[in-house]
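**Student:** Quick note on full-length UniProt numbering: the sequence shown kicks off at 1 and runs consecutively.
Please read through the structure below; I'll follow up with questions.
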Amino acid sequence: MKLAIFDICGTLYFDNTTYSFLCWLSNKGIIKYNKKIMDAPYILRAINALSSTLFCKDYYRELQIKQLSGLSYEVINKLAADFVEELNEKRISSTNNLLDEYRRKGYTIVLASATIEPLARAIAKKIGVDYFSSEVEFVNEQCSGKLNRDLLFFKKEALLHLIKKSENIVIVTDNFTDLELIQVSDYCHIVVRNDKDIRKWNKQLKNHLCNVVFIKKNV
C-alpha cells in the first residue's frame with residue numbers, strides 16, 4: 001500500500017479549525033464567547049506551548065473545548081458540517097491539489113489531525129477520505145466538554161497499523177509535533193509561512209534522510 005497522510009489545520013486549511021469552529025459558534029450565539037479562553041494574552045499562550053511540549057498536553061485547548069459541554073452529539077455534528085461548508089475560502093490550494101495528485105497516483109489518503117472528530121469527519125466526508133482525529137467525549141449523547149483521545153502528540157501511535165502495511169509513506173503537514181511521523185516517511189511536504197520556518201525545520205530534520213519539500217502557504 002502507498003499511504004499519504006495529510007494534516008488539516010495549517011496544512012489543508014489556513015485556520016485552526018477547532019478554534020475557528022468555536023468562534024463561529026459564539027458568533028451565532030450557540031456558545032458564550034469567553035475572551036479569557038479564546039484570546040489569552042501572548043505570555044499565557046507561550047507558557048501553554050512550553051507545557052504542551054514538556055507534558056504532551058495542551059491545557060489551553062482543553063479549556064476551549066469545554067465550551068461545547070451540553071451540546072448534543074447530533075447538534076455538534078450538524079453544526080460542524082455546516083461550518084465546514086463555509087470553510088472553502090480558507091482552503092490552501094497547493095496542498096489540496098497535492099492531495100488530489102497523490103490520489104490519482106493510487107495512494108491511500110488519510111487525514112490525521114488533532115482537530116475534534118466532528119470537524120475531521122465533515123472534512124474527510126467532503127474530500128472522500130478516511131480520517132484520524134481527537135475524540136470528544138459524549139455521555140448519554142451529550143458532550144461533556146472533555147476529550148476521550150487527543151491526537152495532538154499521538155498521531156504515529158494512531159496510524160501505526162497503516163504505517164506497518166505501507167511500502168511507501170508520504171507526509172504533508174505544517175506541525176512540528178508531527179516529527180515522529182516525518183521520521184518514518186519516505187517523502188514529506190512541509191507547509192511553512194516563511195524562511196524562518198524553513199530554517200527551524202532544517203534544524204529539526206538534520207538527521208532525517210527522507211526527501212523534504214517545503215511549501216509556502218501564501219504562494
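We put the beta carbon where it would ideally sit given N, CA and C, even for glycine.
What's the call for Gln-204, buried or exposed, on a 16-neighbour Cβ count within 10 Å?
**Tutor:** It counts as exposed.
**Student:** Would you kindly check if the distance between the Cβ of Thr-108 and the Cβ of Leu-3 is under 7 Å?
**Tutor:** yes
**Student:** Enumerated in chain order, which unbroken segments of the beta strand (DSSP E) with a length of 3 residues or greater are wholly contained in the segment 113-186?
**Tutor:** Those beta strand (DSSP E) runs which fall completely within the segment 113-186 and span 3+ residues are 130-139, 142-149 and 168-173.
**Student:** Is the CB-CB distance between Phe-14 and Val-172 below 7 Å?
**Tutor:** no
**Student:** By DSSP, does Ile-92 sit in helix, in strand, or in coil?
**Tutor:** Three-state DSSP puts Ile-92 in coil, outside helix and strand.
**Student:** Three-state secondary structure (DSSP) at Ser-72?
**Tutor:** strand
**Student:** Glu-117 and Glu-137 - do their beta-carbons sit closer together than 7 Å?
**Tutor:** no
**Student:** Looking only at C-alpha atoms, which of Gly-106, Gln-67, Leu-22 and Asn-97 sits nearest to Asp-82?
**Tutor:** Leu-22
**Student:** Would a C-beta distance cut-off of 7 Å place Lys-200 and Ile-92 closer than the cut-off?
**Tutor:** Not closer than 7 Å, so no.
**Student:** I'd like to know whether the C-beta atoms of Leu-152 and Ala-112 end up nearer to each other than 7 Å.
**Tutor:** no
**Student:** Sorted by chain position, which residues of the same chain lie with C-beta nearer than 7 Å to Tyr-102's C-beta, five sequence neighbours on each side aside?
**Tutor:** Ala-4, Ile-109 and Val-170
**Student:** Are there 16 or more other CB atoms within 10 angstroms of the CB of Ser-72, so buried, or fewer, so exposed?
**Tutor:** exposed
**Student:** In terms of residue numbering, what span does the alpha helix (DSSP H) encompassing Ile-5 cover?
**Tutor:** Unbroken run through Ile-5 is the beta strand (DSSP E), 2-6; no alpha helix (DSSP H).
**Student:** For Arg-193, is the classification buried or exposed, using 16 other Cβ atoms within 10 angstroms of its Cβ as the cut-off for buried?
**Tutor:** exposed
**Student:** Among the residues of its own chain, which have a CB less than 7 Å from the CB of Phe-55, if the five just before and after it don't count?
**Tutor:** Note on Phe-55: pLDDT 49, under 50, position unreliable in the model; the coordinate value appears next. Taking C-beta separations shorter than 7 Å and ignoring five residues to either side along the sequence, Phe-55 has no partners in its chain.
**Student:** What does Thr-108 pair with, by DSSP beta-bridge criteria?
**Tutor:** Leu-3
**Student:** For Glu-167, which option in Asp-186, Ile-8, Arg-149 and Leu-179 has the closest C-alpha, if you only look at C-alpha atoms?
**Tutor:** By alpha-carbon distance to Glu-167, the top candidate from Asp-186, Ile-8, Arg-149 and Leu-179 is Asp-186.
**Student:** Kindly indicate the opening and closing residues of the beta strand (DSSP E) around Ile-215.
**Tutor:** For Ile-215, the enclosing beta strand (DSSP E) begins and ends at 211-216.
**Student:** Thinking Phe-132 and Leu-159 are a contact (beta carbons under 8 Å), I'd like their distance in whole angstroms, please.
**Tutor:** Between Phe-132 and Leu-159, the beta carbon gap of about 6 Å places them in contact (Cβ cut-off 8 Å).
**Student:** Less than 7 Å separating the beta-carbons of Ile-215 and His-189?
**Tutor:** yes
**Student:** When the Cα of Glu-85 is compared with those of Ile-127, Val-184 and Asp-150, which residue comes out closest?
**Tutor:** Ile-127
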